[in-house]
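The UniProt record's numbering puts the last residue of the sequence shown at 325; the count rises by one with no breaks.
Each residue gets a CB set at the ideal place from its N, CA and C atoms; glycine is no exception.
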Amino acid sequence: MSALNKIARTLVSNRRGILAADESIGTMSSRLESVGVEATEENRRIYRELIVTTPRLSESVSGVILADETFHQKLSNGRTFPEYLDDLGILAGIKVDTGAKPLAGALEEKITEGLDGLRERVKEYVRLGGTFAKWRAVITIGDNVPSARAVRANVHALARYAGLCQEGGLVPIVEPEVLMDGSHSLAKCQEVTTAVLAELFEELDLLQVELDGIVLKPNMVVAGSSSPEQPTVAEVASATVETLRATVPASVPGIAFLSGGQKPEVATEHLGAMQHLDPLPWELTYSFGRALVGPALETWRGEESNRAAAQKALSDRAVANAAAR
Ligand code: 5MM
1 MSALNKIART LVSNRRGILA ADESIGTMSS RLESVGVEAT EENRRIYREL
51 IVTTPRLSES VSGVILADET FHQKLSNGRT FPEYLDDLGI LAGIKVDTGA
101 KPLAGALEEK ITEGLDGLRE RVKEYVRLGG TFAKWRAVIT IGDNVPSARA
151 VRANVHALAR YAGLCQEGGL VPIVEPEVLM DGSHSLAKCQ EVTTAVLAEL
201 FEELDLLQVE LDGIVLKPNM VVAGSSSPEQ PTVAEVASAT VETLRATVPA
251 SVPGIAFLSG GQKPEVATEH LGAMQHLDPL PWELTYSFGR ALVGPALETW
301 RGEESNRAAA QKALSDRAVA NAAAR
């Protein structure tokens, strides 16, 4: 078993999943402000400390994805975040993309940036204790979108990112997110997700990315959030697994879903329903952001007296997702 395959398997096995706490400074700042907390570097640190010090987190969380700012910060006990996670038996990951920017010639669509200097940054993150990385591409469904050029540009960047990470010793989490914004049907989401994943695996093959050393982080196949026709849990589970079976090679060790704006309990139900659709050639787990930490942030609201209740809110979601597996 290669070192990359071992890390990838650790991330997705034993009923554990990945906690995405890698909001960029801009996103994290607005999330803090939305619950009445001033968006300072120290408050972002305090909030992330609350997350990673949640009791028994390592029983349901295999890895935590950090943003660059957090990766270099320290907890109150003097340990860096990667060091502290390592103490707990949790792998430390790093978001290495620098954000999704308007795509030239198709300004309503996005291309994720961050390839410049990535080889050197990977070296530095490995030195500081990183074991895996994340890069998120964003695909929008709408009138005449996604365009072929947006899909091609994004899967190409994902493949180049994945290759650079593997070369430097980090397992790449490969995240092509088809957004649930819009009023499109489940069938439309399935069509677009199938096309994006098929093109992604062609590109990964072309760039000689080792598939047994990645974790795929896709969206679940759902209807648009403003669609009047919302599918049942069973329909989402079956459309998602059908899409993955059609596109994802069995050599990929695991698929860790993003939650994408689904209500936390609904994302968990979908994850649970998929586990019954045997045979599954890969582990199916979670790499949720909002669906794991949303209730905790709402509970905390910056008050030290809410700290234990906030940690319980996170723990409840993490335990429920591990149980769903
Ligand atoms: C935690 O948020 C991640 C980073 O977002 P920005 O760079 O836009 O601030 C995001 O990539 C996240 O990892 C995924 O979207 C999964 O999170 P959700 O909330 O969709 O499960």
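Alpha carbon of residue i to alpha carbon of residue j, nearest angstrom
i           : j      : result
GLY289      : GLY224 : 19 Å
LEU66       : GLY114 : 16 Å
ARG16       : LEU179 : 25 Å
LYS123      : GLY168 : 6 Å
ASN321      : GLU23  : 21 Å
LEU284      : HIS270 : 11 Å
GLY182      : ARG79  : 43 Å
VAL241      : THR70  : 34 Å
ALA153      : ASN306 : 44 Å
SER226      : LEU186 : 12 Å
VAL34       : GLY302 : Correcting the residue type first, residue 34 is Ser in the shown sequence and not Val. Near 11 Å, if we compare the C-alpha coordinates of GLY302 and SER34.
PRO279      : ALA198 : 20 Å
ALA267      : LEU292 : 10 Å
ASP68       : THR131 : 14 Å
ALA310      : ARG44  : 15 Å
VAL236      : PRO228 : 15 Å
residue 326 : ALA150 : Past the boundaries of the shown model lies residue 326; the chain is included only from 1 to 325, so the question cannot be answered.
TRP282      : ASN219 : 16 Å
ASN14       : PHE81  : 23 Å
GLU120      : PRO231 : 45 Å
ALA100      : LYS6   : 30 Å
GLY261      : GLY36  : 21 Å
ARG325      : MET274 : 9 Å
PRO264      : HIS156 : 31 Å
HIS184      : GLN190 : 10 Å
GLY93       : VAL233 : 30 Å
VAL209      : GLY129 : 22 Å
VAL174      : THR10  : 16 Å
residue 344 : ALA3   : Because the chain here runs from 1 to 325, residue 344 falls outside it and cannot be looked at.
SER259      : ALA308 : 24 Å
GLU59       : GLY105 : 47 Å
LEU200      : THR194 : 10 Å
THR40       : TRP135 : 25 Å
VAL196      : ALA8   : 22 Å
ILE46       : PHE257 : 27 Å
Anticipated Cβ contact below 8 Å, residue i with residue j, distance rounded
i      : j      : result
LYS188 : ILE255 : About 21 Å separates the two Cβ atoms, so there is no contact after all.
ALA239 : VAL221 : 4 Å
LEU164 : LEU118 : 5 Å
SER315 : ARG56  : 7 Å
ALA159 : LEU216 : About 12 Å; that fails the 8 Å criterion.
GLU49  : SER29  : GLU49 to SER29, Cβ: 17 Å. No contact.
ILE214 : ALA162 : 6 Å
PRO176 : ALA137 : 5 Å
SER62  : ILE111 : Wrong, their Cβ atoms sit about 30 Å apart, outside the cutoff.
TYR125 : LEU170 : 7 Å
VAL192 : ILE139 : 7 Å
ALA20  : ILE51  : ALA20 to ILE51, Cβ: 11 Å. No contact.
Bridge partners - residue i, DSSP secondary structure assignment
i      : result
VAL61  : GLY17
ALA92  : VAL64
THR285 : ALA256
THR80  : LYS74
GLU177 : VAL138
PHE132 : GLY93 and VAL171
ALA157 : In the DSSP output, where bridge partners are listed per residue, ALA157 has none listed.
LEU216 : VAL174 and ILE255
VAL145 : GLY142
Span of the alpha helix (DSSP H) around residue i
i      : result
ALA67  : Segment: none, ALA67 is in no alpha helix (DSSP H) and carries neither H nor E.
TRP300 : 290 to 300
THR240 : 233 to 247
LYS6   : 3 to 12
ARG325 : Run containing ARG325: none; DSSP gives neither H nor E here.
MET28  : 25 to 34
LEU197 : 186 to 206
THR54  : No alpha helix (DSSP H) holds THR54; DSSP gives it neither H nor E.
GLY272 : 264 to 274
LEU280 : Neither: LEU280 is in no alpha helix (DSSP H) and is coded neither H nor E.
LEU118 : 118 to 127
Endpoints, beta strand (DSSP E) assigned at residue i
i      : result
GLU108 : 106 to 112
PRO102 : 100 to 103
Neighbour flag for residue i against chain B, beta carbons, 7 Å
i      : result
GLU120 : Absent from the structure is chain B; it holds one protein chain and no more.
Practice task
Spell out a yes or no on whether the segment 298 to 305 and the segment 240 to 258 are touching, meaning 3 or more CB-CB pairs, one atom from each, closer than 8 Å.
Solution key: no
Practice task
Would you check if the segment 139 to 154 and the segment 77 to 91 touch, i.e. whether three or more CB-CB distances between them fall below 8 Å?
Solution key: With the cut-off at 8 Å, the segment 77 to 91 and the segment 139 to 154 do not touch.
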